[in-house]
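Just so we're aligned: the sequence shown equals residues 11 to 328 in the working numbering.
For every residue, glycine included, the Cβ atom is placed at its ideal position computed from N, Cα and C.
Everything on this sheet refers to the single structure shown next.
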Amino acid sequence: MKKYTAISLAVFTILVNQSLSAQSMSEQRVTTPMLVIDENPGLTLPGRFRTCKDAYMTSLSDNFPTRDGLDDLKAVASAQFSQTSLENALKKIDGPVWIIDLRKESHGFVDGTPISWYSPGNQSNINESDDNIQRQEEMLFKDVKRQGAIVVSQILKKNEGYITKSRPIDMKIKTAQTESSLINHQNLGYLRIGILDHHRPSDEAVDDFLEFTKSLPPESWLYFHCRGGQGRSTTLMVMYDMIKNAKKVSMDDIITRQRLIGGSDLLDMTDDKDSWKKESIEERKNFLAKFYKYCKDPKGLYKKSWTEWSKKENRSFF
């Protein structure tokens, strides 16, 4: 799969619009970035919205992990929201909220509707810093607004990370803005912790998140989201649960209970059709085991940075 940066996406915006405007539903393998809508129209709440106070989904298991510390965890997660579905979600949260944006890929809003540039495997902005990505997003959405009207695609089908079927949607533009801009207008906190889709967070991202949580006021709520509300959002929900509860709850229970309130099963490897992301998912699984150990270590969590502790831990194996 090719690698794309936010700067190169600006060129594709116009090209994709031109190619899609003459299409109805198409079924073909798309190998270049495509401007897509990130939330299906008409949703009241964001997709896969859940809170740590939610009841376990009894249809998923007969054996249920402890809820010790879970109901006190001020954390929610979901797929990418629209302005409207976010406002509805906020009604379910009592306290100050920080939006934790886990998306590495360039994204934002047109008239409150979320859009993004979907590259094959959703792998874009590799090796770009969060600050640089956000600066480039400002440029991208100024360019989008200048166009006045765009064509975006609703993803209908994917195969091995490639879009294979989509439907074009015409959008006239009144406002175009980055997520940080929309969140600031909502008077919420905003933190970008960009993670490549299907991957574990980088060591730098882990350090940034730990530094943020270290000084977080106890009444604050964290709202994690990625594109689909599954892998990245569940990973950070698990990490936050570990930070708060690893000393009294087993790793398996923490990961399982996050699945039972609506997250992904991070202990399960993918099936054959998802073999293209198997390696990165295995790395994420191993990372979580190591992060759990860091959170339990009296000399780990908040005593040393993750990067410092992790390097020392690696050396201990040799």
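Kindly indicate which three-state DSSP category residue i falls into: helix, strand or coil?
{"i": "Leu232", "result": "strand"}
{"i": "Asp104", "result": "coil"}
{"i": "Gln187", "result": "strand"}
{"i": "Ile205", "result": "strand"}
{"i": "Ser134", "result": "strand"}
{"i": "Leu311", "result": "coil"}
{"i": "Arg294", "result": "helix"}
{"i": "Ser320", "result": "helix"}
{"i": "Leu112", "result": "strand"}
{"i": "Asn98", "result": "helix"}
{"i": "Leu220", "result": "helix"}
{"i": "Thr76", "result": "coil"}
{"i": "Pro211", "result": "coil"}
Within the continuous alpha helix (DSSP H) that includes residue i, where are the two ends?
{"i": "Thr42", "result": "That residue, Thr42, is in no alpha helix (DSSP H); it is neither H nor E in DSSP."}
{"i": "Gly241", "result": "Gly241 to Asn255"}
{"i": "Lys155", "result": "Asp140 to Gln157"}
{"i": "Arg349", "result": "Outside the shown range of the chain, which is 11 to 328, sits residue 349, and nothing can be said about it."}
{"i": "Arg237", "result": "Where Arg237 is concerned, there is no enclosing alpha helix (DSSP H), given that its DSSP letter is neither H nor E."}
Which whole-angstrom value is the C-beta distance of residue i and residue j, which I expect to be below 8 Å?
{"i": "Arg334", "j": "Gly272", "result": "With the chain running from 11 to 328 in the structure shown, residue 334 is simply not present."}
{"i": "Phe234", "j": "Leu226", "result": "Not quite, the Cβ-Cβ distance comes to about 13 Å (not below 8 Å), so this is no contact."}
{"i": "Val46", "j": "Tyr128", "result": "5 Å"}
{"i": "Ile265", "j": "Leu298", "result": "7 Å"}
{"i": "Arg113", "j": "Gly204", "result": "6 Å"}
{"i": "Asp251", "j": "Gln268", "result": "6 Å"}
{"i": "Leu277", "j": "Lys295", "result": "7 Å"}
{"i": "Gly122", "j": "Thr94", "result": "6 Å"}
{"i": "Val154", "j": "Pro178", "result": "Contact flag wrong, Cβ pair sits at about 16 Å."}
{"i": "Arg210", "j": "Glu293", "result": "6 Å"}
For residue i, count neighbouring C-beta atoms within 10 Å of its own C-beta (all shown protein chains included) and say buried if the count is 16 or more, exposed if not.
{"i": "Ile110", "result": "buried"}
{"i": "Glu115", "result": "buried"}
{"i": "Lys258", "result": "exposed"}
{"i": "Pro124", "result": "buried"}
{"i": "Glu189", "result": "buried"}
{"i": "Ala65", "result": "exposed"}
{"i": "Thr68", "result": "exposed"}
{"i": "Pro130", "result": "buried"}
{"i": "Ile24", "result": "Low confidence applies here, because Ile24 scores a pLDDT of 45, under 50, leaving its location unreliable and the question unanswered by this model."}
{"i": "Gln33", "result": "Caution applies to Gln33, whose pLDDT of 47 falls short of 50 and renders its modelled position unreliable; the value that the coordinates give is listed next. It counts as exposed."}
{"i": "Ile143", "result": "buried"}
{"i": "Gly310", "result": "buried"}
{"i": "Ile103", "result": "exposed"}
{"i": "Glu229", "result": "exposed"}
{"i": "Asn41", "result": "It is Thr, not Asn, that sits at residue 41 in the sequence shown. Exposed, by the Cβ-count rule."}
Identify the continuous beta strand (DSSP E) that holds residue i and give its terminal residues.
{"i": "Phe119", "result": "His117 to Val120"}
{"i": "Ala85", "result": "Ala85 to Ser88"}
Taking the DSSP output, what are the residues bridged to residue i?
{"i": "Gln164", "result": "Arg177"}
{"i": "Pro124", "result": "Phe119"}
{"i": "Lys182", "result": "Ala159"}
{"i": "Val46", "result": "Ser126 and Ser163"}
{"i": "Asn197", "result": "Looking at the DSSP assignment, Asn197 forms no beta bridge with any residue, so it has no partner."}
{"i": "Glu37", "result": "Lys175"}
{"i": "Arg60", "result": "Ala87"}
For the ligand ADP, is there a heavy atom less than 8 Å away from the beta-carbon of residue i?
{"i": "Asp217", "result": "This structure does not include the ligand ADP; it has no bound ligands of any sort."}
If we cut at 9 Å on Cβ distances, does residue i have a partner in chain D?
{"i": "Ser230", "result": "The displayed structure is made up of one protein chain only, and chain D is not part of it."}
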